[in-house]
Structures are given as structure tokens and as C-alpha cells.
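Quick note on full-length UniProt numbering: the sequence shown kicks off at 1 and runs consecutively.
Here a beta-carbon is modelled for each residue, glycine too, at the ideal position from N, C-alpha and C.
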Amino acid sequence: MPRAVPVARHHVQKAMRGWGEPDERVEAAALVMTELVTNAVEHTAGRRIRCRLLRTSGRVRICVWNRGRRHIPALPGPRTPQSPDGPVEGLHGAEGPGPVTCGSEPDGADDGFSLASVAEDGRGLMLVDALATRWGTRTSVSGRLVWADI
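Listed below in C-alpha cells is the structure:
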């Protein structure tokens, strides 16, 4: 089943190039599809994963659905990103957790952030959140749908 990951990535690239999408957007969508399919492969007992790519004016929606559950970890919930001036409204809608800020302080002081301090599970969703304009999930008795808009 892990072979599904490069196959899904290739199909996204082929479809989006056929639509005339810019390379940057093609690669962002391919990376998002890679992360979502990888999560589905790792966290499902079933052998069926369905991927769908929908194109509308100004947006491409990536959908990955997996049937059955072995262990589906809780996904990060919506949150309101903070700025120095208070909450930032309207980023990523209510579906995704919003941007994650990391790096050095403006004066060059190290803020102590280390990628090693972030659990390995969830890093892919950080990438999805950074690349997608919004994303979300729907869970049912039969499985989980995860979608992302590029």
C-alpha cells in the first residue's frame, strides 16, 4: 500500500500540468497529496484509499478518503493564530489550525525552537497547513475524509 503515495503524487502532477497550473502550485498540491495519502496509509486498517482532485475557478481541492480505522490520531483543531497585536482573524477559516510561527526573534536571539521538539506525528499536517489556503476533515463510522484547498 505504500506504493500508493508516489502514484497519487504523479497523478496530481499530471492532472494539474494538463490544466496549465503553474509549477509552484503543481508542486504544492503534489506535496499536500503526498502527506494526506501517507497519513491514510499509516492510519488505516483497510486497503482502500480514494483520492480526488477537484478544480474550480481559482482553487484546486485535494480529497483523500480512507475506509476503516486501525488508529486515527486526533488532528489538530481550529485555533486563532496570535500576532503581537492580538488574535489574527480570517486565516485558514475554521477548518485548519492556522499558521505556525517559528524561527529567531527579531533581535537575533534564539527562541529555543527545535524541530526535534515537535512530535514526528503531525509534521505532515504542519506542511499541509502551510501550503493549503484551508483544510479540514470529516470522520464517520466508515472512515475519514481529509481535504485541502490549494
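In the three-state reduction of the DSSP assignment, residue 124 falls in the helix class, which pools H, G and I.
When rounded, the separation of the alpha-carbon atoms in residue 145 and residue 33 is 13 Å. For residue 66, DSSP records a beta bridge to 49 and 144. The DSSP-derived three-state label of residue 25 is helix.
Under the three-state reduction of DSSP, residue 20 is assigned to coil, being neither helix nor strand.
For residue 3, the three-state secondary structure derived from DSSP is coil. Between residue 37 and the set 125, 142 and 15, the nearest pair of CA atoms involves 125.
Looking at the backbone, the Cα of residue 134 and that of residue 44 are separated by about 24 Å. Collapsing the DSSP output to three states places residue 133 in coil.
Around the beta carbon of residue 21, 16 or more other beta carbons sit within 10 angstroms, so the residue counts as buried.
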